[in-house]
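Notes for the one structure printed next.
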Amino acid sequence: MCLNGLQAAAVHHIKNKGGRYIQIPHDPKPINNFFYPESFPMIYPTLLLYGLGGFENHLCPEPLLIKKHVKHLFNLADHYFQEHYLFLFIALNILQQ
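Positions 180 to 276 (the working numbering) are the ones given, in order, by the sequence shown.
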């Protein structure tokens, strides 16, 4: 659904159904920002296909440091990671923490 459709649905909910707010469900347990290996495949499904290839993946036989993983992704021949408008900033932010 496009943004206009979401806005129209929100206005319809408020006007016709007497709703004062729109409830967005979420998990009662928040995500740990410092260790959540599944977050990158969920954030970048076009870069990390099939939900594989995130940082600190425990399916790998040998542990791989995040710094080496980022360097590998930026050195790939296809340039998807290098040219992505947001991946560069997020990866470098994680490295600075």
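We treat Cβ as the ideally placed atom computed from N, Cα and C, and that holds for glycine.
Segment limits, alpha helix (DSSP H) that includes residue i
i           : result
residue 208 : Premise fails: residue 208 is in no alpha helix (DSSP H) and is neither H nor E.
residue 241 : That residue, residue 241, is in no alpha helix (DSSP H); it is neither H nor E in DSSP.
residue 275 : 266–275
residue 220 : 218–222
Where residue i sits in the DSSP three-state scheme
i           : result
residue 232 : coil
residue 149 : This structure cannot settle anything about residue 149, because the visible part of the chain is limited to 180 through 276.
residue 186 : helix
residue 252 : helix
Minimum C-alpha distance to residue i - residue among the options
i           : options            : result
residue 226 : 195, 243, 236, 265 : 265
residue 224 : 272, 271, 206, 263 : 263
Cβ neighbour criterion (16 or more within 10 Å) applied to residue i
i           : result
residue 289 : Only positions 180 to 276 of the chain appear in this structure, which leaves residue 289 out of reach.
residue 270 : buried
residue 253 : exposed
residue 234 : buried
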